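J.: Here it is, the structure in full.
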Amino acid sequence: MSTLVKTAQPRSRRGRSGSNRGRGLFVGGALTPLMLYMIFWTLFPMAWALLLSFFDYAPAHSGGGFLGLGGDNAFIGLGNFRNMLGDSLEAQKFRISLKTTLMFAFLVLPLNLAITIPLAVAIEAVRGRVKTFFRFIYFLPTLTSSVGVALIWRYIYHPQRGLFNMILKAVGIPAQIWLSNPRAIYLGVPLALWAIIITYLWQDMGYNLVIFIAALQGIPHDFKEAAVVDGANVWQIFWKITVPLLRPTLLFICVMTMLSSFQVFDIIQIMTENGRPQDQARVMVLDIYLNAFRFHNMGWAGAESIVLFLIVLVVTLVQMRLLRTRWEY
Amino acid sequence: MATVDKNHPMATTTHVSSARRTLDWRVVRRHLGQVLLHALLVAGCLGTLLPFMWMIFGSFTSSTEIVRIPPTFFPEAPSLENYRVILNDPHVPLGRFYLNSIIVAVSVVLLTLFTSSLAGFIFAKYEFFGKNSVFGFILATMMIPFQVLMVPSYLMLAKLKLIDSLWGLIVPAAIDAFGIFMMKQFIEGLPSELMDAGRIDGASEFGIYWRIILPQLGPALATLGILTFMFRWNNYLWPLIVITTNERRTLPIMLTWYSTVHSQRLDLTMTVSVMVVVPVLIVYTAFQRWIVQGFALSGFK
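Same order as they appear, the protein sequences are chains A and B.
Residues in the first sequence are numbered from 1 upward in steps of one, following my numbering.
Residues in the second sequence are numbered from 330 upward in steps of one, following my numbering.
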């Protein structure tokens, strides 16, 4: 018995120290290349974008030195950022795109929540297997290629042949030129942007819907039962129990919805042909894309993307502060 | 008051019947609520499906009928002519586009599954110096919009001579922060005894990952794989920038072919849209549970 233990002990200790070294090697050997790769495709371009923003960079210039910065690609310090406040055409376009992006993001978020939260509650209230069917249908547009969505909706908004005007006429409302009437402005927002927001909501709501449904399923039943016993009605249960308990999910949803609406590009580029008419639908990513890859003004585009990043960062941090919770259930 | 007192038995009967009526009313109201709820949700479904129907009907409509004013919702003479035109269009090598999209999406899926599960395994089951800060860094990269990295990434691809090649669509997408996060969450739920058993059997650490952990990851791999596939299949902006030769384009880029290069051909545009959207709908129908779960999962910390 005692000999068995004696022989067993050193072997196991040797085994463990050996495997400790093995584990260290494995963690280091596997994780280091993965992390270096990740840094190479995130932090490195991030730093490069920051560098670019201080230069008047175009790939066609014969630049010298580090990353082609220098030579004809002159260092201009904060010149790009100072120009953003100036009167040049590109600065005006940039400011239009900034305003449009903010309008878009701050309209999409409340509208999205106003649709998805009640819809999630309604789908959760349905009994039986139809629930899965409803979820299936409402999630469908989210998986559809945004290019396809944009093409279909551009046709839906067609002034003479579109579905929307066909429906409006049937109801007795005059037809609208949805995407290309620069004079149509409702509540301070161009009609073209409203039309794009409708399309965007149609495509994007499935994502939030699914997350809200999952969150609703996570709320313990006891809370609602207790409220019913206390005589609360459906509205009171919704506002006093469901919404507060959704708060952590709400934070995540708000951050992600904002993040993705600041990045809107596909549907706008296709539905409006580069933000026309009169740049009413020109958003920041579209402006960055055009400056970088049509006009090869990459220093300027780099500066714009830094501004975009800072805005996204600030908006995210503010939301995290406003919606933070200190309790769990 | 007095009449009630006088006709006492009558009063009781009316009382009883009214009680019965309120009871019935409650049942009716509950059913009515469900009926109303269903009606609203079905109406919403129709609204959601309407654009798809518009697209599908449009693809069966002839080029002369689709430009007619006022428009028709149902095609008067449905035909497959549009499909025939597109499949025989020498400018549009549709098979090539499908192949390109599949090559890119499948490669990115395989790479992402490997890197995410490996990194997720390490973060879930090993302790090492700086683990939390490294993981924090990975989560933080999820906050950087791709568009901010777009210009330098393009310049990097140019330096690596990967512009106008499918590699340019695959290489930068090989690691996915969300994938690592998701795999870590899943692997943390697996019992560590599995690994100890492997060690006793003399397996190397990579062997434990490859032969013991990986086979347990079925549902997580399926979910992440399908999400990644969908995302790459639908990706537009990056291929738009990177690819310049027609033969190397992916499906979303070629979707716009009949509405920008040529004059607007609504019938053909709707037909191409059907051809790109339908495969995704089939995948979605087949893997509904994984996909919805995967998206729902992304909402939880």
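Backbone N, C-alpha and C fix where the C-beta goes; we use that ideal spot for every residue, glycine too.
Computed from a predicted structure; not experimentally measured.
Among residues of its own chain, excluding the 5 on either side of L322(A), which ones have a beta-carbon nearer than 8 Å to its beta-carbon?
T.: Hits under 8 Å: none found.
J.: Is there a Cβ of chain B sitting closer than 7 Å to that of R82(A), yes or no?
T.: With 7 Å as the cut-off, R82(A) does not count as an interface residue toward chain B.
J.: Are the beta-carbon atoms of A105(A) and I196(A) separated by less than 7 Å?
T.: No; because the gap between Cβ atoms is not below 7 Å, this pair is not in contact.
J.: If you drop the 5 nearest sequence neighbours on each side, which residues of the same chain put their C-beta closer than 7 Å to that of P338(B)?
T.: Any reading at P338(B) must be qualified, since the residue scores a pLDDT of 45, below 50, and its modelled position is unreliable; no value is offered.
J.: Please list the terminal residues of the continuous alpha helix (DSSP H) segment that includes R247(A).
T.: Per DSSP, R247(A) belongs to the alpha helix (DSSP H) from 247–262.
J.: Looking at chain B, which residues of the segment 35–53 of chain A have a Cβ within less than 7 Å of any of its Cβ atoms?
T.: From the segment 35–53 of chain A, only M35, Y37, M38, W41, T42, P45, M46, W48, A49, L52 have a Cβ closer than 7 Å to chain B.
J.: Determine the chain B residues that contact M298(A) at a beta-carbon separation under 7 Å, and present them in chain order.
T.: Here the neighbours are V480.
J.: Tell me V126(A)'s beta-bridge partners as DSSP assigns them.
T.: DSSP output for V126(A) lists no bridge partner at all.
J.: Going by DSSP, what residues sit across from N417(B) in a beta bridge?
T.: Beta-bridge pairing links N417(B) to no other residue.
J.: How long is the line joining the alpha carbons of I509(B) and T444(B), rounded to whole angstroms?
T.: Cα to Cα, the separation comes out at about 8 Å.
J.: Answer yes or no: do D266(A) and V147(A) have a C-beta to C-beta separation smaller than 7 Å?
T.: Cβ atoms of D266(A) and V147(A): closer than 7 Å.
J.: Do L209(A) and T144(A) come within 7 Å of each other at the CB atom, strictly closer than that value?
T.: No, Cβ-Cβ distance for T144(A) and L209(A) is not below 7 Å.
J.: Mark V130(A) as exposed unless 16 or more other C-beta atoms lie within 10 angstroms of its C-beta, in which case mark it buried.
T.: V130(A) comes out exposed.
J.: What are the uninterrupted segments assigned as alpha helix (DSSP H) that are 4 or more residues long and contained completely in the segment 384–432 of chain B, given in chain order?
T.: Here the runs fully enclosed are 392–395, 410–416.
J.: Which complete alpha helix (DSSP H) runs does the segment 99–167 of chain A hold, if anything under 4 residues is left out?
T.: Counting only runs of 4 or more, we get 130–143, 146–156.
J.: Counting only beta-carbon atoms, is W354(B) nearer than 7 Å to chain A?
T.: No - not a single Cβ of chain A is within 7 Å of the one on W354(B).
J.: Please state the DSSP three-state secondary structure of P59(A).
T.: P59(A): coil per DSSP, three-state reduction.
J.: Please go through the same chain and pick out, in chain order, the residues whose beta-carbon is closer than 6 Å to the beta-carbon of T470(B), but skip the five residues on each side of it.
T.: Around T470(B): A506.
J.: Using three-state DSSP, classify V189(A) as helix, strand or coil.
T.: It is a strand residue.
J.: With contact counted as at least three CB pairs below 8 Å, one residue from each stretch, are the segment 233–240 of chain A and the segment 299–313 of chain A in contact?
T.: No, because fewer than three Cβ pairs between the segment 233–240 of chain A and the segment 299–313 of chain A fall closer than 8 Å, the two stretches do not touch.
J.: Just to make sure I have the definition right: I need the residues of chain B whose C-beta is within less than 9 Å of the C-beta of F75(A). Which are they?
T.: Chain B residues near F75(A): none, gap ~17 Å exceeds 9 Å.
J.: How about P141(A) and L478(B): are their beta carbons less than 7 Å apart?
T.: Contact flag unset, no.
J.: Between V345(B) and the rest of its own chain, which residues show a CB-CB distance below 8 Å, the 5 nearest in sequence each way excluded?
T.: Caution is warranted here: a pLDDT of 49 is assigned to V345(B), below 50, making its placement in the model unreliable, and no coordinate value can be reported.
J.: Can you say whether W634(B) is buried or exposed, counting buried as having 16 or more other CB atoms within 10 angstroms of its CB?
T.: No answer is possible for residue 634(B): it lies beyond the span of chain B, which begins at 330 and ends at 630.
J.: Let me know if G299(A) comes out buried or exposed under the rule of 16 or more other beta-carbons within 10 Å of its beta-carbon.
T.: Answer is buried; the Cβ neighbour count reaches 16.
J.: From F464(B) to K513(B), what distance separates their C-alpha atoms?
T.: Near 10 Å, if we compare the C-alpha coordinates of K513(B) and F464(B).
J.: For F75(A), which beta-bridge partners are listed by DSSP?
T.: In DSSP, F75(A) forms a bridge with F55(A).
J.: In three-state DSSP terms, what is G70(A)?
T.: Strand, per DSSP.
J.: Just curious, the alpha helix (DSSP H) that V228(A) is in, first and last residue?
T.: Per DSSP, V228(A) belongs to the alpha helix (DSSP H) from 221–229.
J.: Helix, strand or coil for Y613(B), going by three-state DSSP, please let me know.
T.: Helix.
J.: Can you name the residues of chain A whose CB is closer than 8 Å to the CB of V463(B)?
T.: L31, M35, listed in chain order.
J.: Using C-beta distances below 7 Å, list every residue in its chain close to F426(B), excluding the 5 sequence neighbours before and after it, in chain order.
T.: Excluding residues within five positions, the ones whose Cβ falls inside 7 Å are R578, T579, L580, M583.
J.: Please list the partners that W153(A) has in chain B, where partner means a Cβ-to-Cβ separation under 7 Å.
T.: Those are P380, listed as they occur along chain B.
J.: Using 8 Å for Cβ pairs, my map puts Y57(A) next to L43(A). What's the rounded Cβ distance?
T.: Contact flag wrong, Cβ pair sits at about 20 Å.
J.: Considering just the uninterrupted stretch of the alpha helix (DSSP H) at A526(B), what are its terminal residues?
T.: Note, A526(B): alpha helix (DSSP H), 522–529.
J.: Measure the alpha-carbon distance for M205(A) versus Y155(A) and round it to whole angstroms.
T.: Their backbone Cα atoms lie some 21 Å apart in a straight line.
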